[in-house]
Amino acid sequence: SAAAAAAVESVVSDETLSSNPLLQDFDFPPFDSVDASHVRPGIRALLQHLEAELEELEKSVEPSWPKLVEPLEKIVDRLTVVWGMINHLKAVKDTPELRAAIEDVQPEKVKFQLRLGQSKPIYNAFKAIRESPDWSSLSEARQRLVEAQIKEAVLIGIALDDEKREEFNKIEQELEKLSHKFSENVLDATKKFEKLITDKKEIEGLPPSALGLFAQAAVSKGHENATAENGPWIITLDAPSYLPVMQHAKNRALREEVYRAYLSRASSGDLDNTAIIDQILKLRLEKAKLLGYNNYAEVSMAMKMATVEKAAELLEKLRSASWDAAVQDMEDLKSFAKDQGAAESDSLTHWDTTFWSERLRESKYDINEEELRPYFSLPKVMDGLFSLAKTLFGIDIEPADGLAPVWNNDVRFYRVKDSSGNPIAYFYFDPYSRPSEKRGGAWMDEVVSRSRVMAQKGSSVRLPVAHMVCNQTPPVGDKPSLMTFREVETVFHEFGHALQHMLTKQDEGLVAGIRNIEWDAVELPSQFMENWCYHRDTLMNIAKHYETGETLPEEVYKKLLAARTFRAGSFSLRQLKFASVDLELHTKYVPGGPESIYDVDQRVSVKTQVIPPLPEDRFLCSFSHIFAGGYAAGYYSYKWAEVLSADAFSAFEDAGLDDIKAVKETGQRFRNTILALGGGRAPLKVFVEFRGREPSPEPLLRHNGLLAASASA
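For what it's worth, my numbering labels the leading residue of the sequence shown as 1, then goes sequentially.
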């Protein structure tokens, strides 16, 4: 009978559900056993279960911690952790099947998040706590949590009438879809470009490491006999391939071709992001207007330290301090290229600047990025980083491979212990580039956050677990991964984020670690850690030749230090251009108006680029930070946080970098404020508690060698 058939069917689906790894209880996510087939049934069953829990909570809610915040945290956490698993796999092990499955359940997940974020009973309970006579007796972290919940609810449309809220929700769904499509287009467009080279003359100047990578790419595309020495070679547009071409290829026509391909990624054919960008900007503006704001930047700033005016003011301050230096950088390049007898010296353009600045840097500081690689082998770099963390923060980090399942054999797993030897956190590290399945760039993410409510039976708190992901050159043969200095900085940077997640002392899960930290303050610990790459003892500790074990020569260290401010004006201006175009698109730009997004880009570039962009420049089509990441009307945050991080590091300079006792004391203070307080205290208060005063942009300009320039300007 039909009923019997239905019963059988439900038993079958219960069986497969009970074995679905997304629905298991686990200490560490089963990354090795989740695949695309688990996503649809797993996420749907999870959402159904959470929906029931939410209904239950709405019925029983009272304005108290046990009856409101704890059950809410359980719902939020479960969704965050499970969705985080599949989202992570999409970023590091992308397949067409996984992509399609996530795309299918995405709208259902967004729908649930909106339903949760717009829950009137929960909102009213938070408001009741805020208005109760006991408010002042709540801890600061709990007050921050309540205020953030109220603010977020307003920003997610809780105060809108039904009709407007429906419109708002449609916009949210559509934006989520568009940003996914945007990044898929960038990934696919990056993957699509392949340039096969058979004649070695065409790639003259490229270092062996790049040739090895190009040959590896050729092998994976079916040229099984490809070698670094004899080719054939395949050039692709992912960073480990694109950058060496721009830096080292003597063949100017090749540089131009690769530059133009890179710049026009996802700007034509069926991967064109132009219309997607327009739609995103249009919907963001509509959303802002629905919420009663003038533009999307105001919405973005509502949850940040800065305001639109303050952000614009900082960008302009830094821009005027950087402009003359950047113009001078360009003059230096031209005259250097001329001295070298370069035909193009009078007409240096975008595909020449990276190449010639590499040559100028080599001649000026005699540093060749490539020749430094043998001194930066990944195992040594990690050892040095961990020993710095021990000195500064009193923690021990040890390998714990095998304790947690991983998604690729190259992934490492570590345990973090405090000075008494107790585990306080864990993290995964996925270091190497895998262009066919892993997105570019480097990032830190949370697997689970520290939380009292989510603690397993028998323990008082759940320990935080982090992801650290990089995209560096994989080991070739029996050589370890040999890194550029920039890649070393990147590892330090991501580790700074991970430390803030892992060393938090907050037990309120919703404000622990990096949660509820204003976005423009979140880069503070990461950029802070980068400063240590230039600290003599730290660097010498890391920089040991992978074969001979000899330390980096002293004069090379001195040159690295001097090279730090090389072209600082130009680099600063580049970041300021990204930040300014982002702010402009989210404040003054009118979607569908007379000016196109590319016109805005050109207009902003007049003040932020010494060589104006090509008319056909389409960099916006791959500007994932603001169209598929969290940086919309927020790219300025990098600079905002750089001011904070340079100033934080200057506390160590003031204490004396060679005075180990002072360094340890300052490190402990940093750990107990910036790394410990999480989202439980306003970042400005946390900063002042560490630094003893409000932040100043002076240390940043000083570190970048731009102080003198700004004094005279």
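Virtual Cβ for every residue (Gly too), placed ideally from N, Cα, C. Since the structure is predicted, the reported quantities are computational estimates derived from the model, not experimental observations.
Counterpart residues of residue i in DSSP-defined beta bridges
i	result
T227	G231
Y414	P399, F427
I197	W233
K544	T551
D445	H467
E451	Note that residue 451 corresponds to Ser in the displayed sequence, not to Glu. Per DSSP, R462.
S377	L482
Residue closest to residue i, alpha-carbon to alpha-carbon, out of the options
i	options	result
L206	G549, R681, R359	R359
K170	Y259, K287, S264	K287
V476	K192, R40, S433	S433
V464	E550, S436, H493, A498	For the sequence presented, residue 464 should be read as Pro rather than Val. The shortest Cα separation from P464 among E550, S436, H493, A498 belongs to A498.
K558	A579, D654, H535	H535
S420	V110, F393, S436, A442	F393
V610	L677, F429, L348	L348
T538	D658, V453, E256, F571	D658
I158	L114, D199, K192, L187	L114
L372	T274, T353, A543	A543
I102	G117, R681, V82, I203	V82
M468	K505, M382, E309, P30	M382
L237	K201, A275, V219, L196	L196
F28	G402, G705, E489	G402
S182	V154, N672, L620, D352	Note that residue 182 corresponds to Phe in the displayed sequence, not to Ser. Looking at the Cα atoms, L620 is the closest of the given residues.
G667	A651, G680, K200	A651
L560	A648, E362, D617	E362
M502	L79, W356, I674	I674
N408	V61, L271, H88, N20	H88
S220	P435, V69, E547, E518	P435
E370	A466, S377, S209, G496	S209
E530	L314, I277, S645, R44	S645
P525	F649, V556, R618, A91	F649
T548	R691, P405, E344, Y375	Y375
I597	V34, P133, L281, S137	L281
I660	E694, R130, L388	L388
Q456	S19, G341, A579, F26	F26
P697	S267, F690, K639, R681	K639
Anticipated Cβ contact below 8 Å, residue i with residue j, distance rounded
i	j	result
E584	V600	6 Å
S481	P431	6 Å
A325	A568	7 Å
R515	S460	19 Å between Cβ atoms; not a contact.
C470	E494	7 Å
A215	T227	5 Å
I75	E53	5 Å
L576	R319	5 Å
A148	E508	Not really, about 11 Å apart at Cβ, beyond 8 Å.
G513	G678	5 Å
L285	N295	6 Å
E176	L254	That pair is no contact at about 39 Å.
R118	I156	The question names Arg, yet the displayed sequence has Gln at residue 118. Right, their Cβ atoms sit about 6 Å apart.
L315	S580	6 Å
Host beta strand (DSSP E) of residue i (start-end)
i	result
P423	423-432
N471	465-472
Range covered by the alpha helix (DSSP H) that runs through residue i
i	result
N87	70-92
F182	162-192
Q113	96-117
H38	36-60
R130	120-131
K151	140-155
H586	Element bounds for H586: n/a, residue is neither H nor E.
V299	296-301
V406	No alpha helix (DSSP H) holds V406; DSSP gives it neither H nor E.
A217	208-220
E530	524-530
H535	Note, H535: premise wrong, no alpha helix (DSSP H); not H, not E.
L243	239-248
### Task
Starting from the N-terminal side, write out each stretch of the alpha helix (DSSP H) that is 4 residues or longer and does not extend beyond the region 250-276.
Fully enclosed alpha helix (DSSP H) runs of 4 or longer: 252-263.
### Query
Can you list, in chain order, the stretches of the alpha helix (DSSP H) that have 4 or more residues and sit fully within the region 323-375?
350-365, 369-372
### Task
For the region 645-700, list the alpha helix (DSSP H) runs that are entirely contained and at least 4 residues long, ordered along the chain.
660-672, 683-691
### Task
Can you check the region 593-630 for any alpha helix (DSSP H) of at least 4 residues that lies completely inside it and give the ranges in chain order?
597-608, 624-627
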